[in-house]
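One structure is given below, encoded as structure tokens.
In the working numbering, the protein residues as written are 9 to 397.
Printed below as a string of structure tokens:
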């Protein structure tokens, strides 16, 4: 057993001072005030300890892109890259591709789960059943109607948690219900759906929207669209890319105000650039280039992000604490940390991660006073940082 003394600790509900966090065999065995602990601390953690970040939309990292190399080695590289920024669990995400690549991606995830690669929860298929008009960088030649082959891949029982992004105008409600009944989490995105189509999909069992505000039907006076549905329907959790490029800061604030912390989820939509020195990446007949923290194609359109979860958390916290109507810094801190941990865990139906409590996995991070990562632990083992003293 290892006992850590945390100067501050957020357990998912509130921030505590001077706490002992006891870890045994990768599991949290106890959290208690230091003065009540019967064990001396093995190490001191000077900063704020909180649950590790969970990213449900990760296309790549460490110089590799999942689509280009759907293998277990790619998944290991991605996890290593993102853990430097506090990600302790992820859904590697496949951009719209062929059925063969989809199967290869599933095989890679199945192998990673069998080999207990730390942090790999399952897979996110972003497509291929999207709207061609709202496809973004998704290749049009692979955007297609849902097929029996797709369904068989989505519903494999050896690939952990499965999240699938669909355009509801192109997938019948009964298919959504069938997917949900087989354990798939259905998200709505890359869609020009009317509010009526979106609501039918939610009634059928969809529980999420993919990268709110981006690649979805907008909100106007007489056509509320998917944005309205995401902001107003309490049955839906929404992912939000807070890199301050994908979404205007005021829209990030609007999302928080409308949705609330319990249904707003921070995601990165990260490409291969994160955790690497990569500046350019070939994509179809163009190139994705990183300039000033932004990824674009040659025509200037956004092409994923080079955002990491630590920056997403810090960006959202900095935005919200500037709002005069939310004057409790502790409440804002708690809410933002939960958007990166508890909310995605709940969306995926995973009980033992996303918050720090006895019996949960010892997945946690250490933040300094400026909300920057000092260390990251997965299953009780430190995987990045040099924070112990």
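Idealized CB from N, CA, C, for every residue including glycine.
The three-state secondary structure of residue 314, taken from DSSP, is coil. DSSP, reduced to helix, strand and coil, places residue 273 within a strand of the structure shown. Its Cα nearest to that of residue 134, the residue 113 stands out among 121, 251, 113. Only residues of its own chain outside the window of five on either side were considered, and among them 233, 235, 236 have a CB closer than 6 angstroms to the CB of residue 227, listed in chain order. Here the stretch 93-101 makes no contact with the stretch 286-293; the two share fewer than three CB pairs at distances below 8 angstroms. Residue burial annotation: residue 313 is buried, with at least 16 other C-beta atoms found within 10 angstroms of its C-beta. Annotated three-state conformation of residue 324 is helix, per DSSP. Nearest Cα to residue 204 within the set 78, 180, 345: 180.
By the neighbour-count criterion, in which a residue is buried when 16 or more other Cβ atoms sit within 10 angstroms of its Cβ, residue 350 is buried.
DSSP places residue 240 in the uninterrupted alpha helix (DSSP H) bounded by 233-240. Listed as beta-bridge partners of residue 304 by DSSP are 297, 310. For the pair residue 142 and residue 198, the CB atoms are nearer than the 7 angstroms cut-off.
The beta-carbon distance between residue 104 and residue 43, rounded to whole angstroms, is 55 angstroms. This is too long to meet the 8 angstroms contact definition. When rounded, the separation of the alpha-carbon atoms in residue 22 and residue 240 is 27 angstroms. About 16 angstroms separates the CB atoms of residue 301 and residue 275; that is not less than 8 angstroms, and the two are not in contact.
Sixteen is the threshold: since fewer than 16 other Cβ atoms of the shown chains lie within 10 Å of the Cβ of residue 157, the residue is exposed. Taking C-beta atoms under 8 angstroms as the contact rule, residue 244 and residue 210 qualify, at a distance of about 6 angstroms. Between the alpha carbons of residue 159 and residue 15 lies a gap of roughly 48 angstroms.
Residue pairing for residue 41: DSSP places it in a beta bridge opposite 27. Annotation for residue 162: the continuous alpha helix (DSSP H) segment containing it runs 156-162. In summary, residue 63 is buried, with 16 or more beta-carbon neighbours lying within 10 Å of its beta-carbon over all protein chains present. The beta carbon of residue 271 sits closer than 6 angstroms to those of 245, all from its chain and outside the five residues before and after it, given in chain order.
The alpha-carbon separation between residue 61 and residue 230 amounts to approximately 38 angstroms.
Contact between the stretch 75-85 and the stretch 45-62 is absent: fewer than 3 CB-CB pairs across the two stretches fall below 8 angstroms. Looking from the CA of residue 356, the closest CA among 13, 163, 12, 216 belongs to 216. Around the C-beta of residue 256, fewer than 16 other C-beta atoms lie within 10 Å, and the residue is accordingly described as exposed. Non-local C-beta neighbours of residue 292 in its own chain, meaning closer than 8 angstroms and more than five positions away in sequence, comprise 145, 147, ordered along the chain. Taking residue 345 as reference, the option from 373, 254, 169, 12 with the minimal CA-CA separation is 373. Taken through DSSP and simplified to helix, strand or coil, residue 285 comes out as coil. Close CB contacts of residue 26 within its chain, under the 6 angstroms cut and outside five residues either way in sequence, are with 42 (chain order). Rounded to whole angstroms, the gap between the alpha carbons of residue 201 and residue 223 is 11 angstroms.
In the three-state DSSP reduction, residue 100 falls in the strand class (E or B). In the three-state scheme derived from DSSP, where H, G and I count as helix and E and B as strand, residue 56 is classed as strand. Straight-line measurement puts the Cα of residue 55 at about 5 angstroms from the Cα of residue 376. The bridge partners DSSP lists for residue 170 are 131. Beta bridge pairing from DSSP links residue 51 with 12.
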